[in-house]
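To start, the structure itself, in structure tokens.
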Amino acid sequence: MKAKSLTLAIISALALAGCPLTDDDDDNTKTTSKLRVTHASSDAPLVAINLNGETVEGLEMVDYQVASGLLTIDSGTYEVAVEALLTGEDTLEVINENLDFAPDMQYDVFALGQTANIAPVVLSREDVAPEGGDVRLDVLHAHPDVPPVDIYLTTDEEITDAAPAVSGLGFAIDSDILPVTIDSGTYRIRVTVAGSKDVAFDSGELDLAGGSDLMVTAVPNVDGGAVSPVNLLVADGEGVAVLRNTGEKATVRVVHAVGDAPAVDVLASDAPVDGLTGIEFKEFRSLDVDAGSYDLKVAASSDNSLVVIDAPGVEFAAGSETSIYAMGTLGDVTNETIEPVVIEEDLRSVATYAKVRVVHANTVAGTVDVHAATDGMFSESTVVLEGVEFTQSAVLNVPAGTYMLAVTATGDLNPLITGEATVEDGGVYTVVALEDLTLGINVDSDNSADAGDAGDVAMETEPEAETES
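Note that the sequence shown covers residues -17 to -1, 1 to 452 in mature numbering (1 follows the signal peptide of the UniProt record, and there is no 0).
What follows is the structure, encoded as structure tokens:
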């Protein structure tokens, strides 16, 4: 098995990484500290990080599973605030703490827990780089729904006879045995529930280089194709990498949006894919698949030799969420215009608003505007998307509520298509302008209390609007 190199996996998350936040004077008596901030709340929106009332440059829009680099600041007491970015220009301060940063120390500040109970957790350690072949490793358990865990650092195939490097680490606990210093080399990070040998996370082999100073955070895995309940965020002072379990899959979703085409099958290497056959017009169908490259085709269910889409070498990465729409018209087959439209999705639920992706899949409407109004009265002020071309899409973050929707020719207020959508905070939805002049509405995920299963369903549709001739 080939080892993965963390050095290559680390990505620079923010342009500010490592830039000093110190006074510009030449006072050599000033002391400094290091600060890193991590967004580890899986259902929270993007956030802004403020120090003493000022938003830190580069930390204006921090997403989940993103961390800053180690920032150099003047030592002292700071008001540290985290503002959730809501819809429009609205913000909500979810964390506000006065924190003391001592000289020659590193501090990690995490926004932790679900949005309803979000709280700061602070870890600290001496600001001393590991020497020679040493690796310093600090760890935080940041999944509120996972019990205490054991962490193994070994390359043995089995951990039956191995002792954990860190045992019984509970949620949000700053363990007094951490950080630990280990020799550089090749390791596998495996995580189990405390006292169990059943592996819930396996990193595969990793090369840990001498001199590395790593902060590892186990956060909820809300990615596509999730197998393990956690991802590991690995921060090295410059940026952060998302380290996934070796068995993670990818979520692939197929949407039939061709109004005059019959049911279709998806073929991989010329064989029908279980779960992706007999897909009717307006139907969404999703499946978790192994990460990798696939030679895909879309063919008529009645005769797989009638192929309308041929897409060899399609790559699906572990943790990805991909929608593949079939759009266009079949006509008399000889002049069909069907094409695949691939959309990289982010179906993560956000507690403070609903996420609605709007997709233009109507071949005859031309360039359109999309309107949304709570009272059904449309005007120039109700345009939420302007100048949308066929096959284009965009995501809107909106408060919970019931909205009347309209699709019009750009610059015109006469609806071509209308519909109604009710959305909940925490829900993820797709609205598709279809060939038969209806709006298809799919619930991608719904966190409301009475929600049933989402996905793998036919879209609810709204009736054709009355239009003036």
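Positions of the beta carbon are idealized from the N, C-alpha and C atoms, including for glycine.
Under DSSP, the beta-bridge partners assigned to G384 are V406. In the displayed model, T365 falls within a helix according to three-state DSSP.
Around the beta carbon of M198, 16 or more other beta carbons lie within 10 angstroms, which makes this residue buried. When only Cα atoms are considered, S51 and N397 end up about 48 Å apart. Out of E66, T365, D87, the CA that lies nearest to the CA of A94 is found in E66. Using a Cβ distance threshold of 8 Å, H22 and V45 count as a contacting pair.
In this structure, the alpha-carbon of K17 lies about 25 Å from that of N214. When secondary structure is reduced to three states using DSSP, T60 falls in the strand class. Setting aside the 5 residues that flank it on each side, T70 is surrounded in the same chain by Y336, N380, V381, P382, each with a C-beta closer than 7 Å to its C-beta; the list follows chain order. With a cutoff of 8 Å on beta-carbon distance, H343 and S306 are scored as not near each other. The beta carbon of L152 sits closer than 7 Å to those of V122, H124, P131, V132, I134, S158, all from its chain and outside the five residues before and after it, given in chain order. In the DSSP assignment, Q89 is bridged to K17, R108. Under DSSP, D248 forms a beta bridge with A282.
Burial state of P86 is exposed, judged by a 10 Å Cβ sphere holding fewer than 16 other Cβ atoms. Beta-bridge partners assigned by DSSP to K232: D273. Looking at the DSSP output, M198 bridges to D121, A218. Counting every other CB atom within 10 Å of its CB across the protein chains shown gives V411 a total of 16 or more, marking it as buried.
A residue is called buried once 16 or more other Cβ atoms fall within 10 Å of its Cβ, and E304 is buried on that count. A99 sits in a helix when the DSSP states are folded into three classes.
Relative to D243, the option among K265, S252, P295 whose CA is nearest is K265. Of all alpha-carbon atoms in A201, I165, R340, G193, the one lying nearest the alpha-carbon of V174 is that of A201. C-alpha of A301 to C-alpha of F184: approximately 14 Å in a straight line. Across the structure, D91 and P295 are spaced so that their CA atoms are roughly 45 Å apart.
Here S186 is buried: its Cβ has 16 or more other Cβ atoms, across all protein chains shown, within 10 Å. Pairing V290 with I321, the inter-Cα distance amounts to about 10 Å. Judged by DSSP secondary structure, V351 falls within the beta strand (DSSP E) whose first and last residues are 351 to 356. Within the stretch 284 to 348, the complete beta strand (DSSP E) segments of 3 residues or longer fall at 286 to 299, 304 to 310, 322 to 327, 337 to 343, listed in chain order. Here the C-alpha atom of T234 lies approximately 42 Å from the C-alpha atom of E114. Distance from the CA atom of T385 to the CA atom of A356, rounded to whole angstroms, is 9 Å.
Annotation: P103 to K13 spans about 27 Å, alpha carbon to alpha carbon.
Judged by their CB atoms, V366 and V351 are not nearer to each other than the 8 Å cut-off. Exclusion of the five residues before and after G394 leaves D352 as the residues of its chain whose Cβ lies within less than 8 Å of its Cβ. A straight-line Cα-Cα distance of about 33 Å links T405 and E231.
A residue is called buried when at least 16 other Cβ atoms come within 10 angstroms of its Cβ; A254 does not meet this threshold and is exposed. Closest by C-alpha distance to V415, out of S269, A177, I32, V378, is V378. Under the three-state reduction of DSSP, P255 is assigned to strand.
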